[in-house]
Amino acid sequence: MLVAAAPWLITTPYWRGILVLCAMNVLLALSLNLVMGYTGQLNLGQSAFYAIGAYVSTILIKTYHWNFWLAAPAAIIAAGFLGLALAAFAVRLRGHYLAIASLGFAVITYQVLVNWESVTEGVRGIYGILPPVGNTLGLFYLIAGIALLVYLAMDNLVRSPVGDTLRAIREDEISAAALGVNGALWKAFAFGVGAAIAGLAGCFYPGFVGTLVPDAFNIVESFTMLAMVIVGGMGTMLGPVIGAIVLTFLPELLRGFGELRLMIYGVALTLVVLFLPGGIASCFKRAR
Amino acid sequence: MLQARALSKSFGGVRAVHEVTLAVPEKMIYALIGPNGAGKSTLLNLLSGIYQPDAGELTFRGENLIGLPAYRRARLGIARTFQKIRLFKQLSLLENVRAGFHIHQDAPLWRYLVRGGSDRYDAEARELLQFVGLGERMHERAGALAYGQQRMLEIARALATRPRLFMLDEPAAGLNAAEVDFLLQRLVDVSRRGITLLVVEHNMDLVMNVAQRVFVMDHGVPLYEGTPREVQANRAVVAAYLGGEFAA
Chain A
1 MLVAAAPWLI TTPYWRGILV LCAMNVLLAL SLNLVMGYTG QLNLGQSAFY
51 AIGAYVSTIL IKTYHWNFWL AAPAAIIAAG FLGLALAAFA VRLRGHYLAI
101 ASLGFAVITY QVLVNWESVT EGVRGIYGIL PPVGNTLGLF YLIAGIALLV
151 YLAMDNLVRS PVGDTLRAIR EDEISAAALG VNGALWKAFA FGVGAAIAGL
201 AGCFYPGFVG TLVPDAFNIV ESFTMLAMVI VGGMGTMLGP VIGAIVLTFL
251 PELLRGFGEL RLMIYGVALT LVVLFLPGGI ASCFKRAR
Chain B
289 MLQARALSKS FGGVRAVHEV TLAVPEKMIY ALIGPNGAGK STLLNLLSGI
339 YQPDAGELTF RGENLIGLPA YRRARLGIAR TFQKIRLFKQ LSLLENVRAG
389 FHIHQDAPLW RYLVRGGSDR YDAEARELLQ FVGLGERMHE RAGALAYGQQ
439 RMLEIARALA TRPRLFMLDE PAAGLNAAEV DFLLQRLVDV SRRGITLLVV
489 EHNMDLVMNV AQRVFVMDHG VPLYEGTPRE VQANRAVVAA YLGGEFAA
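For the record, the sequence lines run as chains A and B.
Going by the working numbering, the first residue of the first sequence is number 1, and it counts up by one from there.
Going by the working numbering, the first residue of the second sequence is number 289, and it counts up by one from there.
Right, here's the structure in full:
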């Protein structure tokens, strides 16, 4: 309801654009939360899958003249497979080691986008990309609708026995194995699905902005997703959604403060982590 | 049921388990005892697949276990608990036990995406919690339980896999007398259901009263195997426990 009403409350084109961005961020936060919040794998490479979704779909559309609705599934599958590729390393690593490896993965992906100019146009970028839906409002409803579907499906998944299994891996992989859980398989599942969802978000980004440059998928993007998940509440369904909304709008609302903006943003993040270790979602739980 | 032949495992230069041969018969309470550092926990880790042996043979109901990871052995019907309790601490008691039904879940994935929660094993999970005396607390966090209760929860979770062979690593450690009594009762109940028990234990009450056979280890090698009465009467065993000078 609130999602449907949002565009009426916010009418200027600029803010409507922010709404679209927000819907994409919700998807990204959900994708990372599955891997990090539920399965307990500290993954700093999520921006790479976002990038793959964006580049694969755009190249298929611009160079090979595919239809968006064909290119998008292909891009999602490509991102998913890349997620499985990272999982191949991830199943052997945990904690900080996985964080470093996944960060390296994001850096490599970024470098490939910059240097493989014959395909990606490198830093020159790809221009004149059209969105799948003509106006901003339509694009918002499309992405928000997809985000809602993803949310509902994931909510079902984490309440199902699969959710129990993923959480068991997060809590203690050895005792999960003693219960018959193939940890490598389920971690790969989480990485693959998480990557596919990030790839899905990536499909919409180029059309929305109109151009595509590697810098949009800088590793900072991974940390922004990380912040959304942690600030909202890791391992809860609503938390990352709240985190994505807050961290999309907060920097925009703070624009009035000019140069001070980033400092206030940083302090706010620190305060949340310091005083609300369970994220914003934990407030609701406590209030209940 | 479970047969090990000349099983060995070294860590660096230390021979934690050296050429251990043992056979656990079906539907028996089989105790594994020995002084600290005798290699009991290492042996259990070899049997459950947490470690792979350097040498030796291992079969379970005729199937070769060597090279099989822990999760595959659990599927064959081998469950275990840990000496240092390993619960899913942030999860509720019910979630802990529900996770134990993992290998019995057979619904296709898409159904979970559409329908979500499955209560197929909820009733059975509740029963198991009742069975270990934790039925009233199923929605509490496992990490909030007292030590003895955590041990019982770990037992309930392992039973959820519906094992044929259940291995417990010092289940009575850290329990008070009343809790040990309750544990004993429960282990006998489990055994009556036809589940074979392999219990590593220091608590002699438990070993001498409920075990049907006792396997004694010291310094990584088998020392003696027999009935509890025979073990108590054996000089080598007494010497290993109390020191040489008592074994006149």
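Using N, Cα and C, we set each Cβ at its ideal position, and we do this for glycine too.
{"Asked": "Quick one: what's ARG408 of chain B bridged to in DSSP?", "Found": "Paired residue(s): none; ARG408 of chain B is not in a bridge."}
{"Asked": "Quick check on the DSSP output: the beta strand (DSSP E) that includes HIS306 of chain B runs from which residue to which?", "Found": "302-312"}
{"Asked": "Please report the Cβ distance between MET228 of chain A and ALA74 of chain A, rounded to the nearest whole angstrom; I am assuming they are in contact, meaning their Cβ atoms lie under 8 Å.", "Found": "With 8 Å as the limit, MET228 of chain A and ALA74 of chain A do not qualify as a contact, their Cβ atoms being about 27 Å apart."}
{"Asked": "Which residues in chain B sit within 9 Å of THR165 of chain A, going by Cβ to Cβ distance?", "Found": "ALA387, HIS390 and GLN393"}
{"Asked": "Are the CB atoms of VAL308 of chain B and VAL487 of chain B within a distance shorter than 8 Å?", "Found": "no"}
{"Asked": "Give the interface partners of GLY295 of chain A over in chain B, defined as CB-CB distance under 7 Å, in chain order.", "Found": "An answer regarding residue 295 of chain A cannot be provided, because it is not within the stretch 1 to 288 covered by chain A."}
{"Asked": "Does chain B have any CB closer than 8 Å to the CB of PHE275 of chain A?", "Found": "no"}
{"Asked": "According to DSSP, is PRO516 of chain B part of a helix, a strand, or is it coil?", "Found": "helix"}
{"Asked": "Taking only three categories from DSSP, how would you classify MET492 of chain B?", "Found": "helix"}
{"Asked": "What does the Cβ neighbour count give for VAL402 of chain B, buried or exposed, with the cut at 16 atoms within 10 Å?", "Found": "exposed"}
{"Asked": "With a threshold of 8 Å between beta-carbons, can GLU383 of chain B be considered close to chain A, or not?", "Found": "yes"}
{"Asked": "Which term fits TRP69 of chain A, buried or exposed, when burial requires 16 or more other beta carbons within 10 angstroms of its beta carbon?", "Found": "exposed"}
{"Asked": "Which residues in the same chain have their Cβ closer than 8 Å to the Cβ of PRO323 of chain B, if we skip the five residues on either side of it in sequence?", "Found": "ASP506, ALA528 and TYR529"}
{"Asked": "Taking 7 Å as the limit between beta carbons, can you name the residues of its chain near GLY83 of chain A, skipping five residues before and five after?", "Found": "PHE49, PHE191, GLY192, GLY194, ALA195 and ALA196"}
{"Asked": "Short of 8 Å in beta carbon distance, which residues of its chain neighbour GLY514 of chain B, apart from the five on each side in sequence? Order them along the chain.", "Found": "ARG501, VAL502 and ASN522"}
{"Asked": "May I ask you to report which of helix, strand or coil DSSP gives LEU42 of chain A?", "Found": "coil"}
{"Asked": "Compare the C-beta of PRO161 of chain A against all C-beta atoms of chain B and say whether one is closer than 8 Å.", "Found": "yes"}
{"Asked": "Confirm, please, whether the CB-CB distance from VAL272 of chain A to ILE280 of chain A is below 8 Å.", "Found": "yes"}
{"Asked": "Can you check whether the C-beta of SER222 of chain A is within less than 8 Å of a C-beta belonging to chain B?", "Found": "no"}
{"Asked": "ALA536 of chain B to VAL519 of chain B, Cα distance in whole Å?", "Found": "The predicted position of ALA536 of chain B is uncertain, since its pLDDT is 42 and thus under 50; a value taken from the coordinates is nonetheless stated next. Their backbone Cα atoms lie some 16 Å apart in a straight line."}
{"Asked": "Just by C-beta distance, which residues in the stretch 399-425 of chain B are closer than 9 Å to chain A?", "Found": "ARG399, TYR400, LEU401, VAL402, ARG403, GLY404, GLY405, SER406, ARG408 and TYR409"}
{"Asked": "Going by DSSP, what residues sit across from LEU290 of chain B in a beta bridge?", "Found": "B:VAL312 and B:PHE348"}
{"Asked": "Output the distance between the C-alpha atoms of VAL246 of chain A and ILE219 of chain A, rounded to the nearest integer angstrom.", "Found": "20 Å"}
{"Asked": "Return no unless some Cβ of chain B is closer than 8 Å to the Cβ of SER31 of chain A.", "Found": "no"}
{"Asked": "Let me know if LEU260 of chain A comes out buried or exposed under the rule of 16 or more other beta-carbons within 10 Å of its beta-carbon.", "Found": "exposed"}
{"Asked": "Could you say if the stretch 374-384 of chain B and the stretch 164-172 of chain A meet the contact criterion of at least three C-beta pairs nearer than 8 Å?", "Found": "yes"}
{"Asked": "Can you check which of these residues, A:ALA90, A:PRO132 and A:THR236, is closest to TYR205 of chain A by C-alpha distance?", "Found": "A:PRO132"}
{"Asked": "Helix, strand or coil, according to DSSP, for GLU394 of chain B in the structure here?", "Found": "The identity of residue 394 of chain B in the sequence shown is Asp, whereas the question assumes Glu. If DSSP states are grouped into helix, strand and coil, ASP394 of chain B belongs with coil."}
{"Asked": "For ILE129 of chain A and THR58 of chain A, what's the separation of their Cα atoms in angstroms?", "Found": "8 Å"}
{"Asked": "So what does DSSP say about MET237 of chain A, is it helix, strand or coil?", "Found": "coil"}
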